[in-house]
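To start, the structure under review is shown below, and the notes come after it.
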Amino acid sequence: MSHYTVTDDPQRGRYEARTGDGTLAGFADYQRAGGTLTLPHTVVEPEFEGKGVGSRLARHAFDTARREGLRVDPACSFMAGWAERHPEVQDLVRSA
1000 MSHYTVTDDP QRGRYEARTG DGTLAGFADY QRAGGTLTLP HTVVEPEFEG
1050 KGVGSRLARH AFDTARREGL RVDPACSFMA GWAERHPEVQ DLVRSA
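Numbering (the working numbering), first residue to last: 1000 to 1095.
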């Protein structure tokens, strides 16, 4: 698997995954309100699909939520599916 760095771009309200040369591989939009981190949309560029970019973005988002004491609303189908496959983050998922 290639190395991806995930950073926060608060002006755009998204986490970005970039390759070592700075190429944008994907991003996850977010909104913060009332103690909840909502994840409404995730995009992985076609040439990076199936290479762990989405999972890297999800891990970063959930780790950030845990560190900051936030609940997570995985509104995006990718994030919801990822959370379902990772029981270690279930305590962060906001109940409907």
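The C-beta atom is built at its ideal place from N, Cα and C for all residues, glycine as well.
What residues in its chain sit with their C-beta under 7 Å from that of residue i, if we drop five residues either side in the sequence?
| i | result |
| --- | --- |
| H1002 | G1019 |
| R1093 | T1035, R1070, V1071, D1072 |
| D1007 | Y1014 |
By the three-class DSSP mapping on this structure, what secondary structure does residue i have?
| i | result |
| --- | --- |
| P1073 | coil |
| D1090 | helix |
| R1084 | coil |
| H1040 | strand |
| T1035 | strand |
| G1025 | strand |
| D1062 | helix |
Take residue i as the anchor and find which of the options has the nearest alpha-carbon.
| i | options | result |
| --- | --- | --- |
| V1005 | S1054, R1066, H1085 | S1054 |
| R1017 | Q1030, V1043, R1011 | V1043 |
| P1045 | P1086, F1026, Q1010, R1058 | F1026 |
Buried or exposed: which applies to residue i, given that a residue is buried once 16 or more other Cβ atoms fall within 10 Å of its Cβ?
| i | result |
| --- | --- |
| A1024 | buried |
| A1064 | buried |
| A1082 | buried |
| A1032 | exposed |
Who are the Cβ neighbours of residue i in its own chain at under 6 Å, not counting the five residues just before and after it?
| i | result |
| --- | --- |
| C1075 | L1038, P1039, H1040, T1041 |
| E1067 | none |
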